[in-house]
Structures are given as C-alpha cells and as structure tokens.
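Beneath this line is the structure, given in structure tokens, with notes to follow.
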Amino acid sequence: MDTTEAIRVNRALNKMSKLYRAAKARKLAALGLHPGQDVMLWFLAQEPDGITVSELAARLGIEPPTATRSLARLEGGGWFRREPVPTDRRQVRIVVTEAGHALVPRIERAWAELAEEAMGGVSDEQRETALLALEHANARLRGLVDETALTDE
Numbered sequence: 000m001d002t003t004e005a006i007r008v009n010r011a012l013n014k015m016s017k018l019y020r021a022a023k024a025r026k027l028a029a030l031g032l033h034p035g036q037d038v039m040l041w042f043l044a045q046e047p048d049g050i051t052v053s054e055l056a057a058r059l060g061i062e063p064p065t066a067t068r069s070l071a072r073l074e075g076g077g078w079f080r081r082e083p084v085p086t087d088r089r090q091v092r093i094v095v096t097e098a099g100h101a102l103v104p105r106i107e108r109a110w111a112e113l114a115e116e117a118m119g120g121v122s123d124e125q126r127e128t129a130l131l132a133l134e135h136a137n138a139r140l141r142g143l144v145d146e147t148a149l150t151d152e
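Residues in the sequence shown are numbered from 0 upward in steps of one, following numbering that gives the first Met the number 0.
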C-alpha cells in the first residue's frame, strides 16, 4: 500500500469511527443511555440468572473496577438489581430487571437503525464485502494489541 492509499484508509477509518460514535451516542441518549451502557445492558440481559461483576468484566474485556464504575452509572435507570452470591459474601450477581429487559429490544432497534443509516443505499454484495474487510482488519488489529478478550460490539 502506498502512502496516498494509507492516508486515505487512515482518514476514512478515523472519520467513520468518530461519526459512528457520535451518531450512536445520539441514538442512545434518546433511550437514556450513554455509549457503552447499551452493550453492558445487552450482555447482562443474556444471562437470565445474572452474572458477577468479575464475570461481566471478563466478557467485556475490561477491568472489574471499570465494570463497577459503569454499573454505578447505569444503576440509576432501574435496569438491574444486585443479588448476593450465597457461596461468596464478597460477590453480588447483577440481574436485569423487567425494565432492563424491556429496554433491550429498543437498544437492538437503535443498533439496527444505525447500521441501516450507515450502510443504506449500499448493495447487499457491497455491504458483505465491507463487513468482511472490517472483520479482517479487526482481527489483524486485535493481534497487534494482543487483545483476545475484546468483545464484538
């Protein structure tokens, strides 16, 4: 890849990342969420019996203190409750409430709308090619930063 093409790739990826994050933040704000809270709540909702903070952190590829801070910000919405772990008094399970489960389809709709808005007007074939290229780039970048725990958002 020559310098001109490398600059084009870097600019396109940087611009897309910034625009996607900004558009996603607006959609999430309409739901009363901040970026990152959507993914966290969605992951929590996949666990009907709840999950500990350390398990959640491992699944999200973040440190437990980061998960704890994120949960504290999310807690005000009443979207989950904390339940003690009977076998370990130091641990609590995070269990999604009915209100949290009701929000998940709205989160998924926001994701679908954003994907459609970003890729609208692109043929199915072009979209598949773009997705394959992005997935390939993600895999290569993950190898560069040696991150195996990062989840797909």
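All residues carry an ideal CB built from backbone N, CA and C; glycine is no exception.
- Ranked by Cα distance from Lys26, the first of His135, Ala129, Leu113 is Leu113.
- For Val94, DSSP records a beta bridge to Arg80.
- Assignment of Asp37 by DSSP, reduced to helix, strand and coil, places it in the helix class.
- The Cβ-Cβ distance between Arg81 and Ile93 falls below 8 Å.
- Per the C-alpha coordinates, the member of Leu73, Glu4, Ser53 positioned closest to Gly35 is Leu73.
- Residue pairing of Ile50 in beta bridges, as defined by DSSP: Ile93.
- Counted as a single uninterrupted DSSP element, the stretch harbouring Ile61 is not any alpha helix (DSSP H), since DSSP gives it neither H nor E.
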